[in-house]
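Asker: Numbering (the numbering used here), first residue to last: 165 to 552.
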Amino acid sequence: MSTAIINISSLVTNDPSLGEGPLGLIQDAAVVIDGDRIAWIGETSKAPATDNAVDAEGRAGLPGFVDSHSHLVFAGDRTAEFNARMSGRSYSAGGIRTTVAATRAATDEELEANLVRYLREALRQGTTTLETKSGYGLTTHDEARALRIAAAHTDEVTYLGAHIVAPEFADDPEAYVALVTGEMLDACAPHARWVDVFCERGAFDGDQARAVLEAGRKRGLTPRVHANQLGHGPGVQLAVEVGAASADHCTHLTDADVDALASGDTVATLLPGAEFSTRAQWPNARRLLDAGATVALSTDCNPGSSFTSSMPFCIALAVRDMGMTPDEAVRAATAGGAAALRRTDIGRLTPGARADLALLDAPSHVHLAYRPGVPLVSAVWRQGVRAL
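1) Here's a check: name, in chain order, each residue in its chain whose Cβ is nearer than 8 angstroms to the Cβ of Ala211, leaving out the five neighbours to either side.
2) What is the residue span of the alpha helix (DSSP H) that Gly325 lies within?
3) Between Met165 and Gln547, what straight-line distance do the alpha-carbon atoms span, to the nearest angstrom?
4) Out of curiosity, what's the CA-to-CA distance linking Leu311 and Gly188?
5) I think Met486 touches Ala449, with their Cβ atoms under 8 angstroms apart; what is that distance to the nearest whole Å?
6) Considering Ile190, what are the terminal residues of the beta strand (DSSP E) in which it resides?
7) Output needed for Val361: all residues of its chain with C-beta closer than 7 angstroms, excluding positions within five of it in sequence on either side, in chain order.
8) DSSP puts Val541 in a beta bridge; with which residues?
9) Select from Leu324, Arg281, Ala316 the residue whose C-alpha is nearest the C-alpha of Gly299.
10) Taking all protein chains shown into account, do 16 or more other C-beta atoms lie within 10 angstroms of the C-beta of Arg249, making it buried, or fewer, making it exposed?
11) Measuring straight from C-alpha to C-alpha, what distance separates His396 and Ala420?
12) Confirm, please, whether the CB-CB distance from Glu492 to Leu453 is below 8 angstroms.
13) Along the chain, which unbroken stretches of the alpha helix (DSSP H) at least 4 residues long are found entirely within the stretch 308-373?
14) In whole angstroms, what is the alpha-carbon distance linking Asp241 and Asp219?
15) Report yes or no: do three or more beta-carbon pairs, one from the stretch 460-480 and one from the stretch 226-236, lie closer than 8 angstroms?
16) Could I get the ranges of all uninterrupted alpha helix (DSSP H) runs contained in the stretch 193-275, with 4 residues as the minimum, in chain order?
17) Below 8 angstroms between beta carbons: does that hold for Gly301 and Thr267?
18) Using beta-carbon positions only, say whether Ile510 and Ala502 come within less than 8 angstroms of one another.
19) On a CA-only basis, which of Glu274, Ala334, Arg383, Val344 is nearest Ile313? Give me that one, please.
20) Does DSSP put Cys465 in a helix, in a strand, or in coil?
21) Please state if the CB of Ile172 and the CB of Gly183 are separated by a distance shorter than 8 angstroms.
22) Can you list the alpha helix (DSSP H) stretches of 4 or more residues lying completely in the stretch 395-435, in chain order?
23) DSSP on Pro476, reduced to helix/strand/coil?
24) For the alpha helix (DSSP H) containing Leu532, list its first residue and its last residue.
25) Less than 7 angstroms between C-beta atoms, sequence neighbours within five positions excluded: which residues of the same chain meet that for Thr208?
26) Hey, could you find the ends of the alpha helix (DSSP H) Ala449 is sitting in?
27) Looking at chain D, is there any beta carbon in it that lies within less than 8 angstroms of the beta carbon of Glu285?
28) In three-state terms, what does DSSP make of Ser118?
29) Looking at C-beta atoms only, is the number of pairs between the stretch 454-462 and the stretch 420-430 that lie closer than 8 angstroms three or more?
30) I'd like to know whether the C-beta atoms of Val359 and Pro387 end up nearer to each other than 8 angstroms.
31) Kindly list the residues whose CB is nearer than 6 angstroms to the CB of Cys352, restricted to its own chain and excluding five residues on each side of it in sequence; keep chain order.
32) What residues match up with Lys297 in a beta bridge as DSSP calls it?
33) If you draw a straight line from the alpha carbon of Gly290 to that of His305, how long is it in whole angstroms?
34) Identify whether Pro515 lies in helix, strand or coil by the three-state DSSP scheme.
35) Exposed or buried, Asp464, counting other C-beta atoms within 10 Å across all chains shown (16 or more means buried)?
Structure, rendered in structure tokens:
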């Protein structure tokens, strides 16, 4: 069955050959879906006949958001930590241990119910592709079950045994690195596509991070890196050197870091929800974009430092506080996220791409930043099926 969505006021395609500017904007547009793919894109007046038609009634359309960084397999609550932070306490990586204890104590059913809850929450806000990580178990059993649960709901699953050093190994971090790169990796690799490491003070240094990434790559996992969130460090340079798909956070960058990102294939994934929640320095997206780096926006949804699943919220923050234009932020939240996942079938609306798109209760994508906090997503199609 084919379906035409017609009378779209302004459609973001992310293909300049189809429309105006870098976003490939088409006015008074139509999209034809056949199965799970886009079959045709163009002006409504030129749309071919289809089995069904949906009238967008002047709403704007854009690709489904691609959230390429989240931590959704967890249990417990860190409200007290957030409250304390908003009362003046600074953020550090150690708060993760609170979630580790709660996650270990949870049943598989509780972890899966929590994951599904936040996936549905993200879908209601236009997210049609979502990467998520392990990292709150830190034992072989708990990391493997987290990935197994996640893999039942998304193809984009990341092994993050190297989130922090497990409490049991506090006095012997090298032994924990050996576990992460050995027995734990063996159990987790079959369930994951990616390997990640938190390369930061209080977590893993450059040498430890390199060992984790190289071990994962030998098992067929592609690297990603939590890099330069809390301060200057080796994370970004390491990410580029090992060919990581993304360096995530990128809050504290030297000129050499920016040059490395601009000259390589590693995407700079910015996570403004973390800076919002921790009152930290904002990443300088303008600096990266002007240098020619590819930038993605993601939520970093996690219970400690960025408890939001809203890509529209992150777009608004990026425009308001990170130097991005609305066009750049929307592209980063769609095509940028796809690049960070090394995907060409999502993050764009072109013939042959996966039929993932959202309609906004607004005439333009600019309203995502213009009307922050307003639930503008009115309809979502994922893999050709209307999901909202």
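Ideal placement from N, C-alpha and C gives every residue a C-beta, glycine not left out.
Answerer: This is what the structure gives:
1) Indexing the sequence shown from 1 puts residue 211 at position 47. Cβ within range, chain order: Ala168, Ile170, Ala194, Val196, Trp204.
2) Along the sequence shown, one-based indexing puts residue 325 at 161. No alpha helix (DSSP H) contains Gly325, which is instead part of the beta strand (DSSP E) from 321-326.
3) Here residue 165 refers to the residue found at position 1 when the sequence shown is read from its first residue. Here residue 547 refers to the residue found at position 383 when the sequence shown is read from its first residue. Cα-Cα distance, rounded: 13 angstroms.
4) Sequence index remark: in the sequence shown, residue 311 carries index 147 (1-based). Sequence index remark: in the sequence shown, residue 188 carries index 24 (1-based). Distance between the alpha carbons of Leu311 and Gly188 is about 37 angstroms.
5) What you label residue 486 is simply residue 322 of the sequence shown in a count that begins at 1. What you label residue 449 is simply residue 285 of the sequence shown in a count that begins at 1. Indeed they touch by this definition, with Cβ atoms about 4 angstroms apart.
6) The residue you call residue 190 lines up with position 26 of the sequence shown. Counting along the chain, the beta strand (DSSP E) containing Ile190 begins and ends at 190-198.
7) In the sequence shown, the residue the question calls residue 361 occupies position 197. Ala326, Phe368, Ala373, Val376, Leu377, Val389, His390.
8) Here residue 541 is taken as the residue at index 377 of the sequence shown, counted from 1. Per DSSP, Leu524.
9) Start at 1 with the first residue of the sequence shown, and residue 299 comes out as number 135. Checked all of Leu324, Arg281, Ala316; the closest Cα to Gly299 is Leu324.
10) Residue 249 sits at position 85 when you count from the first residue of the sequence shown. It is buried - the Cβ of Arg249 has at least 16 other Cβ atoms within 10 Å.
11) Working through the sequence shown from its first residue, we reach residue 396 at position 232. Working through the sequence shown from its first residue, we reach residue 420 at position 256. Between His396 and Ala420, the C-alpha separation is close to 11 angstroms.
12) For the purposes of this step, residue 453 is taken as the residue at position 289 of the sequence shown. For the purposes of this step, residue 492 is taken as the residue at position 328 of the sequence shown. A contact, by the Cβ cut-off of 8 angstroms.
13) 337-344, 347-352
14) Here residue 241 refers to the residue found at position 77 when the sequence shown is read from its first residue. Here residue 219 refers to the residue found at position 55 when the sequence shown is read from its first residue. Taking the straight line from one Cα to the other gives about 42 angstroms.
15) yes
16) 243-250, 260-269
17) Sequence index remark: in the sequence shown, residue 301 carries index 137 (1-based). Sequence index remark: in the sequence shown, residue 267 carries index 103 (1-based). In this structure, Thr267 lies closer than 8 angstroms to Gly301 by Cβ.
18) Position 346 of the sequence shown, counted from the start, is the residue given in the question as residue 510. Position 338 of the sequence shown, counted from the start, is the residue given in the question as residue 502. Yes, the Cβ-Cβ distance between Ile510 and Ala502 is below 8 angstroms.
19) Translated into positions along the sequence shown, residue 313 becomes position 149. Considering only alpha carbons, the answer is Glu274.
20) In the sequence shown, residue 465 corresponds to position 301, counting from 1. Residue state, collapsed to three classes: strand.
21) For this step, residue 183 is matched to residue 19 along the sequence shown. For this step, residue 172 is matched to residue 8 along the sequence shown. No, the Cβ-Cβ distance between Gly183 and Ile172 is not below 8 angstroms.
22) 399-405, 419-427
23) Within the sequence shown, residue 476 is the residue found at index 312, counting from 1. DSSP places Pro476 in helix when its eight states are reduced to three.
24) Translated into the one-based positions of the sequence shown, residue 532 becomes position 368. Residues 531-534.
25) Here residue 208 refers to the residue found at position 44 when the sequence shown is read from its first residue. Once the five neighbours on either side are set aside, the close Cβ partners of Thr208 are Ile170, Asn171, Asp192, Ala193, Ala194.
26) Here residue 449 corresponds to residue number 285 of the sequence shown, with the count starting at 1. Unbroken alpha helix (DSSP H) run through Ala449: 449-455.
27) Going by chain labels, chain D is absent from the structure shown, which holds only one protein chain.
28) In this structure the chain extends from 165 to 552, so residue 118 is not present and cannot be described.
29) yes
30) In the sequence shown, residue 359 corresponds to position 195, counting from 1. In the sequence shown, residue 387 corresponds to position 223, counting from 1. Cβ distance < 8 angstroms, so Val359 and Pro387 count as in contact.
31) Here residue 352 refers to the residue found at position 188 when the sequence shown is read from its first residue. Contacts found: Glu307, Ala308, Leu311, Tyr323.
32) Working through the sequence shown from its first residue, we reach residue 297 at position 133. In DSSP, Lys297 forms a bridge with Thr322.
33) The sequence position of residue 290 within the sequence shown is 126, counting from 1. The sequence position of residue 305 within the sequence shown is 141, counting from 1. Approximately 33 angstroms, taken between the alpha carbons.
34) Within the sequence shown, the letter at position 351 stands for residue 515. Coil at Pro515, not helix or strand.
35) In the sequence shown, the residue the question calls residue 464 occupies position 300. Asp464 is buried by the Cβ-count criterion.
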